[in-house]
Amino acid sequence: IVAKSGEMKAGGNNLLEFNLRDGWRYEETGQHYTTNTDYTRMGFQEYRKTFDLSSFKLNKTEDSVFKDNYQMLSVRQLGSAIDSLEKTNKSYQTKTLSEIAPYLTFSRYLDTGWIESPPIQKPAKSMNALIPDSARSITLDRTISQINNIKSNIDVSAAGYELKRRELRLHLIEWHRKFTMSLACLVMFLIGAPLGSIIRKGGLGTPLVFAVAFFVVFFLLNNFGIKLVKENVLQPIPGMWLATFILTPVGLFLTYKAMRDSQLFNQEFYFRTLKKIAPLIARLKNRKQAPAIQ
């Protein structure tokens, strides 16, 4: 459809209307890319085209769908879920052993048959030397088959175990997050309040710059800790509490300096200190440059 002008407007019931003027409508029916097609061209002065937009409507998902998600659980619910996941992970070892036990029947004879058997005069050079030629091919095929079955069972158990371990880490992350985010407010207060007291000059800009810098440091440390826990590089406790462990001493140090009326961020204090040290540095340089007295 081609038109020289037109209007587009939203109609009722999720409809989109096009009111076109002075144009042509082209239509091709039948089998495409063949000669058995009908090509139709119709001109119009006014043409109205309506599109149904109901398929683009946002369908809100019910909240009950996410009620079992770890991010929606309370501390008590997370504790119950963590206990269940830990019990499930412990059962994987017993489950795996019970599944591969039928393929390892020779293990029950390790301490009996070899001890009771008479000693061999000449030790065999390899396992093939102990197997007759007629049974060697069958034994090899059965061995490969049993090894493949054991490997497939272990792979399935390992995949399920890793999935449950990741789910357990996500629950532990969310459990610790309930407390780390609450204590983060206190840590930021320990840093922000002393900064406003120590930095007396510069108006709002200087304290704001330091506050944003400390917040960025906290944000990066917190995200690094969460990522390391998800990738199973760190345990949940050191990973989730990484930012708190690092910034809490900084906040206590700033609080101590503020209570002692420290000049930690006073430029004049550093200038006066450098003026006192400058003569000592000059004397040391002069002594090094002076020629040694014979």
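Numbering (the numbering used here), first residue to last: 2 to 295. Here a beta-carbon is modelled for each residue, glycine too, at the ideal position from N, C-alpha and C. None of these values were measured; they are calculated from a predicted model.
Which of the three DSSP states is assigned to residue i in this structure?
i	result
G80	helix
W115	Unreliable positioning characterises W115 in this predicted model, as indicated by a pLDDT of 49, which lies under 50. A coordinate reading is not provided.
D142	helix
E63	coil
S135	helix
R49	strand
R261	coil
I2	coil
Less than 7 angstroms between the C-beta atoms of residue i and residue j, yes or no?
i	j	result
G44	W25	yes
I229	L235	Note that residue 229 is Leu in the sequence shown, not Ile. It is a contact, given that the beta carbons lie within the stated cut-off.
E100	N154	yes
F19	K50	yes
L173	P237	yes
F67	L17	no
Y93	Y34	no
K165	T95	no
P208	G197	yes
L184	F219	no
L86	L169	yes
T140	T181	no
Mind checking residue i: buried by the 16 CB within 10 Å criterion, or exposed?
i	result
E175	buried
N223	buried
P296	Nothing about residue 296 can be read from this structure; the chain reaches only from 2 to 295.
P195	buried
G206	exposed
T36	exposed
F215	buried
L79	buried
I282	exposed
At a cut-off of 6 angstroms, is residue i close to the ligand SAM when judged by its beta-carbon and the heavy atoms of the ligand?
i	result
V217	Annotation note on the ligand SAM: not contained in the displayed structure, which lists no ligands.
Exercise for review: Determine, using beta-carbon pairs with one atom in the stretch 30-46 and one in the stretch 132-148, whether at least three such pairs fall under 8 angstroms.
Suggested key: no
Review point. Are the stretch 125-141 and the stretch 186-193 touching by the rule of at least three beta carbon pairs closer than 8 angstroms?
Key: no
Practice item. Taking 8 angstroms as the threshold, find out whether the stretch 278-290 comes into contact with the stretch 248-260 through three or more Cβ pairs. Key: no
Review point. Which whole runs of the alpha helix (DSSP H) in the stretch 159-246 are 4 residues long or more, in chain order?
Key: 206-231 and 237-241
Point to revise | Whole runs of the beta strand (DSSP E) within the stretch 5-39, excluding any shorter than 3 residues | key: 16-31
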